[in-house]
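The sequence shown begins at 10 in the working numbering and counts up one residue at a time. Please read the structure below before turning to the comments.
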Amino acid sequence: DGVLLIGGRDYNPQLYGEDPSATITPLDSEREEFDLRFVKHLVNRTKLPILGICGGLQLLNIYFGGSLVQDIETAYPGRGEEHRSETKQPHADHAVALRAGGKLRKIYGLRRLPSVVSSHHQAIKTLGKDLQLECSADDGIAEGLSHSKRDYLVGVQWHPEQDYEANKRLFRSLIKAAKVARVKRQEAAS
Numbered sequence: 010d011g012v013l014l015i016g017g018r019d020y021n022p023q024l025y026g027e028d029p030s031a032t033i034t035p036l037d038s039e040r041e042e043f044d045l046r047f048v049k050h051l052v053n054r055t056k057l058p059i060l061g062i063c064g065g066l067q068l069l070n071i072y073f074g075g076s077l078v079q080d081i082e083t084a085y086p087g088r089g090e091e092h093r094s095e096t097k098q099p100h101a102d103h104a105v106a107l108r109a110g111g112k113l114r115k116i117y118g119l120r121r122l123p124s125v126v127s128s129h130h131q132a133i134k135t136l137g138k139d140l141q142l143e144c145s146a147d148d149g150i151a152e153g154l155s156h157s158k159r160d161y162l163v164g165v166q167w168h169p170e171q172d173y174e175a176n177k178r179l180f181r182s183l184i185k186a187a188k189v190a191r192v193k194r195q196e197a198a199s
């Protein structure tokens with residue numbers, strides 16, 4: 010009734026027209042091919058609610074024609090530690106400002122999340138077609154997206170599953186959207 014796209018290693022930058030840098034840790038090619046076919050099917054053949062987490066957000070952005078910063082620290086020296094820390098184990102954390110009028114702001118009911126669990130070295134560079142920025146870290150790095158023409162297609166760059174209490178509204182919003190989608194499919198079938 011709903012789909013959660015998970016993270017993993019890095020998608021091939023050739024998918025968005027760039028040569029891979031030395032900072033890339035490639036995703037298994039079979040997984041990458043599956044993920045791309047799966048998202049194509051979801052977007053073109055279903056109206057299922059979709060939540061992308063970390064690499065799931067990146068996959069959605071790539072699928073819709075966007076691109077990624079291949080390595081935050083390389084592109085923006087000094088900012089990488091805030092997003093994937095080598096010293097603050099097991100993860101980095103930072104605040105996120107939610108866009109006024111955005112889907113994530115409505116979901117969380119807040120203007121700002123004081124701390125999110127962060128573990129990524131890549132980020133949105135350019136947004137894909139029909140995607141809109143939902144939130145950013147204080148350093149300007151994009152942290153969330155949504156689709157302007159779908160009822161529920163949302164992506165977050167952080168790991169809400171590692172801090173359920175602070176993010177239960179996000180998971181509950183996916184469950185609620187899945188229930189609504191199921192009812193609509195049942196009504197359409199009868």
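Ideal Cβ positions, reconstructed from N, Cα and C, are used throughout, including at glycine. Small disclaimer: the values here were computed from a predicted structure and weren't measured.
At a cut-off of 3 residues, the continuous stretches assigned as beta strand (DSSP E) that sit fully inside the segment 60-116 are 76-78 and 101-107. In this chain, the beta strand (DSSP E) harbouring Ser127 covers Arg121 to Ser127.
Beta-bridge annotation (DSSP): Leu14 is paired with Gly61. Of all alpha-carbon atoms in His50, Asp80, Gly111 and Lys188, the one lying nearest the alpha-carbon of Arg18 is that of Asp80.
If you look at His130, you'll find it isn't in any alpha helix (DSSP H); DSSP assigns it neither H nor E. Taking C-beta atoms as the reference points, Glu152 and Gly111 fail to come closer than 8 Å. Here Leu77 has Tyr20, Pro22, Tyr25, Gln67, Asn70, Ile71, Gln131, Ala132, Ile133 and Lys134 as same chain residues with Cβ atoms under 8 Å from its own Cβ, once five neighbours each way along the sequence are excluded. By the neighbour-count criterion, in which a residue is buried when 16 or more other Cβ atoms sit within 10 angstroms of its Cβ, Val163 is buried. Excluding its 5 nearest sequence neighbours in each direction, His168 has C-beta neighbours in its own chain below 8 Å: Gly16, Ile62, Cys63, His100, Val125, Val126, Ser127 and Ser128, listed in chain order. A check of alpha carbon separations from Leu136 across Lys49, Leu14, Gly74 and Arg121 identifies Gly74 as the nearest.
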